[in-house]
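For the sequence shown, this note's numbering begins at 6 and goes up steadily by one.
Here's the structure we're looking at; comments come further down.
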Amino acid sequence: MNFLEERIVKDGVVKEGNVLKVDSFLNHQMDIGLLDQMGAEFKRRFADRPVNKILTIEASGIGIACIAARHFNVPVVFAKKSQSINLDGDMYVAEVESFTHKCINHVIVAQKFLGPKDHVLIIDDFLANGCALQGLIQIVQSSGATVEGIGIAVEKGFQSGGRIIRNLGFRLESLAIVDGMNAETGEIRFRDQEKADTENTVCREKDICRSATLD
Ligand code: 5GP
């Protein structure tokens, strides 16, 4: 087990409805030492990518993205979930279905913060069905920027998001992949790291093929 999996086993709580609560260390109260370790691990995994910006979505992606950004030495842009009077100028907008809140959100990024010269690492706390990520990818693509990779803290491997995003050819690295959990016993089963690495390698090869075709 890696450091994040160990922490999930220690402090994560499995709820009914396939929800894993990590609010004591990741997305409500935040353990900054742990976030820093995660940031360093994202930097290690994406060291070969020319990342100049990190994109995330409010609210719970922001803390993780900001600490990761210290390791990449780049700014963070976070997509907003509602129109606010502070948003001005032209915007990129995508529709996203919320897994936890069961509603449709518009996610919005001001056009002045993302453009064709940007090489973006997308970071978020959870990957479930992939709706949030697909919204962020859509925003990056509308801006003409490049998605260099996607870093996720916890992927729920028994939901379809990871498969969909990897099949689209994106380089997706999840620090912990939960393959099953039981709300009655509290048991959490993680994907074997070797199996996860093989999937990431296959994904990287696909990525290479994709850019080869584009050249
Ligand atoms: P998706 O769009 O991939 O279906 O869901 C991703 C978003 O839903 C994440 O940004 C996260 O905020 C939330 N989410 C999905 N599953 C869980 C979960 O099991 N626990 C928590 N805490 N949040 C989740």
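For every residue, glycine included, the Cβ atom is placed at its ideal position computed from N, Cα and C.
Here the structure is a predicted model, which is why all the values come from computation and not from measurement.
query, result
"beta-carbon LEU25 near the ligand 5GP non-hydrogen atom, thresh 7 Å", "yes"
"Three or more C-beta pairs below 8 Å linking the segment 149-159 and the segment 177-192", "yes"
"Helix, strand or coil at MET96 [DSSP, three-state]", "strand"
"Helix, strand or coil at LEU39 according to DSSP, with G and I counted as helix", "helix"
"Contact test: GLY166 Cβ vs the ligand 5GP heavy atom, cutoff 7 Å", "yes"
"Burial state of CYS108 (16 or more Cβ within 10 Å)", "exposed"
"Paired residues, beta bridge with ASN23 - DSSP", "ASN23 is not bridged to any residue."
"Closer than 7 Å: PHE163 CB and nearest the ligand 5GP heavy atom", "no"
"Closer than 7 Å: VAL19 CB and nearest the ligand COA heavy atom", "Annotation note on the ligand COA: not contained in the displayed structure, which lists the ligand 5GP as its ligands."
"Heavy atom of the ligand 5GP within 7 Å of ASN134 beta-carbon", "yes"
"Per DSSP, the bridge partner or partners of VAL114", "TYR97"
"Among GLU102, LEU126, ASN110, the one whose alpha carbon lies nearest that of PHE77", "LEU126"
"Residue span of the alpha helix (DSSP H) that contains LEU132, given as start and end", "It is not in any alpha helix (DSSP H) - LEU132 instead sits in the beta strand (DSSP E) that spans 124-132."
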